[in-house]
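There are 2 protein chains.
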Amino acid sequence: MTTADSIEQAIAELLPHFGERLSRSQSVCEHHGHGEGYHAQHAPQAVIFAETTEDVAHALRVCNAHRAPVIPFGAGTSLEGQVNAIEGGISIDLSRMTGLLELNTGDMDCRVQAGITRQDLNLLLRDEGLFFPVDPGGEATIGGMCATRASGTGAVRYGTIRENVLGLTVVLADGRIMRVGRRVRKSAMGYDLTHLMIGSEGTLGIITEVQLRLHGIPETMAAAVCQFETLADCVETAVQVMQMSVPIGRMELLDDVQMDACIRYAKLDGYRPIPTMFFEFEGGPEAVREQIATVEAIADDNNGSAFTWSTQAQERAALWKTRHAVFWACLAYRPGYTGISTDAIVPISALTEMILGAKHDIEESGITAPIVGHIGDGNFHTVMLVPPGEAEVEKARALDHKIIARALSLGGSASGEHGVGLAKIGFMPAEHDAVALDVMRTIKRALDPNNILNPGKLLPPPAPPC
Amino acid sequence: MTTADSIEQAIAELLPHFGERLSRSQSVCEHHGHGEGYHAQHAPQAVIFAETTEDVAHALRVCNAHRAPVIPFGAGTSLEGQVNAIEGGISIDLSRMTGLLELNTGDMDCRVQAGITRQDLNLLLRDEGLFFPVDPGGEATIGGMCATRASGTGAVRYGTIRENVLGLTVVLADGRIMRVGRRVRKSAMGYDLTHLMIGSEGTLGIITEVQLRLHGIPETMAAAVCQFETLADCVETAVQVMQMSVPIGRMELLDDVQMDACIRYAKLDGYRPIPTMFFEFEGGPEAVREQIATVEAIADDNNGSAFTWSTQAQERAALWKTRHAVFWACLAYRPGYTGISTDAIVPISALTEMILGAKHDIEESGITAPIVGHIGDGNFHTVMLVPPGEAEVEKARALDHKIIARALSLGGSASGEHGVGLAKIGFMPAEHDAVALDVMRTIKRALDPNNILNPGKLLPPPAPPC
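Sequence order for the protein chains is A and B. The opening residue of the first sequence carries number 8 in my numbering; numbering runs sequentially from there. The opening residue of the second sequence carries number 8 in my numbering; numbering runs sequentially from there.
The structure is reproduced here in structure tokens:
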């Protein structure tokens, strides 16, 4: 059992090694007690600023000996309560570990420390003609993205973080340092520990270094906006683009309310607050021309407007900046409200039924909840805008549950990319069969027998015996 | 401890359920005691022909109670000794489980029983305009391909089996049935048990059903052959195609000796026995034209011949049939000899050094060993042609070790796609760090505490304490 005493003992033992890099300041602890989700803050008793893998290993050896909980912390952009120290303990902040340790341009891969953000990495890569395509909304760290199995607008073409990690350095619960994966496109040599760690949200180990696949910046890129009178036509366009296997670069849906919020926030001139799709086309010039012709024909069949084009790099950047800022546009749309994001995903063929159903659920709830989606993946978010008050949060939770239940009944998943954390634990039994959950618990117990790694996250407690 | 007695007791207890589907015939047992590799046959004491997941679950419950080893068997095409019953036990043959249980054309996915072969699946899909792209050489089963993390010529574009499985039904060591994964393009809900099972070679569970991603048959396909005076020019062409991010459909290298064998075996008129590349281009017609222009320019820069085209479906099929028959072409090249395949893989930038180094190692060894490669992945095979006699096998093993050591020193892996089985166990400590190996053993112990699942495969025993 963890006690307040055991945590204090661990902190006392850690102090000589970390010195000023161990903080007990209230503001630092509170800052590390929450992400960007709506969960009540739970501050850790101390925060350690790690600079090396060995720092993390030392901290875990000490915490494991004292059975003190350890919560890894990157940029604090997670949405489902992943970093909240619900059982107290010690937060390990990796945001100073920002090194680009190795860059192999010939193989288009690199090794980074876990605390570098995707934006900073892309700045370092730009002059090499390379980029890293996984782009969740926030200024997330690469390590945090691995831990939560993040994705973003680029996943429809490049896959999620899962498809873009070649290997990891992970510190295990007992402080041992494990390196997994190799710099090859595939391997059939043993258990896939890399993918076991990705999405494990700090409950099986702490990721300190990541070997990433990179991609060449495409020769030609063009972005376009297309507007639709009905949501059904907009979604059906996305479904058909996917079913035709068009290798689309990005394809993002914004519903009428989301467009209204964006038009006001980003001063998007010339657009109407109706269902809208943002497209990006990438590749060689001929391939791009061909993709555009196919997608324009599909959109036209579904009563879409003529495409508005952004071919200059600056225009394109502005368009995607608008897309990445939807959360802020939503907050500005209802000042003083909290934004709570849903994250359901369904098979492509169920997308129209899903989105129209969600729109119906939203209207019925009376909550302002713009819809925005990585529609090519079948993944969409509603940003539920909630006025202050626990009853209002409850109403939003009920809407979220309704949307998730609908997604699960259509063969979908409760989270496309935000992860489980605290918020989605309750859906784990609906999403996974009891045996799979039990195997997850078996693996957790085997790798973290003292349950010090981010306790209380991801895995629901076993059902009590009848 | 397993004893001959405990295996007999398990068989006696299994007989009432399986009746004639439990065979103890010597020929059946011997057939199940080896794959297509060179390892000495180890026959199981009995073979069970499973028809349902519940059959497998029943067998495992009984075998686990008696601690009798269980070895899953699909088509028997594995190359590294994966199916050999080295500790005796009961082989579970899944080749009667050939059902296509579910086909979702709108989502391009399907659910199959593990025993269906990729060829039979593709026959069932053809009229739907869909196909399954993972194509190892043999008539392998989908379940076996999952178990060994197989790939093939299509992996350069479509990924390996790893990227094409959405979910699995797995029977655990104690007979519990586990379903993992959902029919969505991505999910962030919990540990990735699907990828933990893929490549685990029957040591963590027996795969009985697979949810597969499918792909649309491309609008345009064109295959071409290009010949080179030097091996270096041929490999360099492949490296540059990958570094230019050309979305090539397939790209297979055959060295001078391999081409000589193929010309004789498949009566390839008009080709010379020199280093040769087989290409396939896929996509929309414009995209294909663009890819071809890029690749032709690269080949020309590297002194390649003019491309010989196969645009008709029949011609293309003949070309790829020749590629898939290289193993038989090699055996026919040295009648009476055994073919032992190597399977190293390196990062793309190390490919030229690797292949030229392997060619040097082969020449030094005096062994006839044609080189053929999934060159776009950095993966290549040499089919070492070995005359009868243990000393000759030893010579071949030494050459294989030399090639693997070279691959590992260049950051590569000992197996791109054939797996570990018995043959590569010795390389696990060179490929993985000691902590990673220990974590693999921890997971194995947690999920199969009685060590009944394919014992003696994949994981090396821990090093004795000093």
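For glycine and all other residues, C-beta sits at the position ideal for the given N, C-alpha and C.
Selection B:A437, B:A351, B:A453, B:P456 evaluated against P467 (chain B) yields B:A437 as nearest (Cα-Cα).
Here H367 (chain A) is exposed. Its C-beta has fewer than 16 other C-beta atoms within 10 Å.
For the region 415 to 439 of chain A, residues whose beta-carbon sits nearer than 8 Å to a beta-carbon of chain B comprise G418, G419, S420, A421, S422, G423, E424, H425, G426, V427, K431, F434, M435, E438, H439. Taking 4 residues as the minimum length, the alpha helix (DSSP H) runs contained wholly in the region 250 to 309 of chain A are 263 to 273, 292 to 308, in order along the chain.
V54 (chain A) carries a strand assignment under DSSP once its states are collapsed to helix, strand and coil. Nearest neighbour of R186 (chain A) by Cα position, chosen from A:M435, A:H38, A:V177, turns out to be A:V177. Using a Cβ distance threshold of 9 Å, I97 (chain A) and A66 (chain A) count as a contacting pair.
Residue environment: L137 (chain A) is assigned as buried (16 or more neighbouring CB atoms within 10 Å of its CB, all protein chains considered). Ranked by how close their Cα comes to the Cα of R125 (chain B), the residues B:D134, B:T105, B:L110 have B:T105 in first place.
In the displayed model, A230 (chain A) falls within a strand according to three-state DSSP.
Sequence-ordered contacts of the region 170 to 193 of chain A with chain B read E170, L179, R183, I184, M185, R186, V187, R189, R190, V191, R192, K193 [C-beta pairs closer than 8 Å]. Cβ neighbours of K431 (chain B) within its own chain (closer than 7 Å, five residues either side excluded): E87, A421, S422.
Annotation: the region 357 to 432 of chain B contains the following complete segments of the beta strand (DSSP E) (minimum length 3 residues), in chain order: 378 to 381, 386 to 393. For R279 (chain A), same chain residues with a beta-carbon under 7 Å away, outside a window of 5 residues either side, are Q234 in chain order.
I281 (chain B) and D263 (chain B) have their C-alpha atoms roughly 4 Å apart. For T318 (chain A) and C337 (chain B), the gap between their C-alpha atoms comes out near 53 Å.
At a beta-carbon threshold of 8 Å, the residues of chain A lying near V442 (chain B) are L179, R183, I184, M185, R186, ordered along the chain.
Contact between the region 231 to 246 of chain B and the region 186 to 204 of chain B is absent: fewer than 3 CB-CB pairs across the two stretches fall below 8 Å.
For D100 (chain B), there is no enclosing alpha helix (DSSP H); the enclosing beta strand (DSSP E) has its first and last residue at 97 to 100. Contacts between D199 (chain B) and chain A, judged by CB atoms closer than 7 Å, involve H202, L203, I205, G206 in chain order.
9 Å or more divides the Cβ of A154 (chain B) from the Cβ of G95 (chain B). Put simply, the CB of M115 (chain B) is near chain A, with a gap under 9 Å to one of its CB atoms. It is roughly 23 Å from the alpha-carbon of Q218 (chain B) to the alpha-carbon of A157 (chain A). By the Cβ rule, the region 215 to 230 of chain B does not count as touching the region 342 to 361 of chain B, because fewer than three pairs are nearer than 8 Å. What Q52 (chain A) touches in chain B, judged by beta-carbon distance under 8 Å, is nothing: the nearest beta carbon there is about 28 Å away. Of the candidates B:D276, B:A325, B:N457, the residue whose Cα lies closest to the Cα of E287 (chain B) is B:A325.
A straight line joining the alpha-carbon of I299 (chain B) with that of A294 (chain A) spans about 12 Å. Using beta-carbon distances, S98 (chain A) does not count as an interface residue toward chain B, since no partner is under 9 Å. C-alpha of I450 (chain B) to C-alpha of H439 (chain B): approximately 15 Å in a straight line. Under the DSSP definition of a beta bridge, Q120 (chain B) partners with B:E216. Legend: CB atoms of the region 238 to 252 of chain B lying less than 9 Å from CB atoms of chain A belong to residues V246, M249, Q250, M251, S252. Using a Cβ distance threshold of 9 Å, A273 (chain B) and K328 (chain B) count as a contacting pair.
Straight-line measurement puts the Cα of L417 (chain A) at about 47 Å from the Cα of H49 (chain B). Counting C-beta atoms within 10 angstroms of its own C-beta, P354 (chain B) has 16 or more neighbours from the protein chains shown and is therefore classed as buried.
Residue B:V90 holds the alpha-carbon nearest to the alpha-carbon of G151 (chain B) among B:G174, B:V90, B:N111, B:R189. Excluding its 5 nearest sequence neighbours in each direction, P462 (chain B) has C-beta neighbours in its own chain below 7 Å: P76, E94, listed in chain order.
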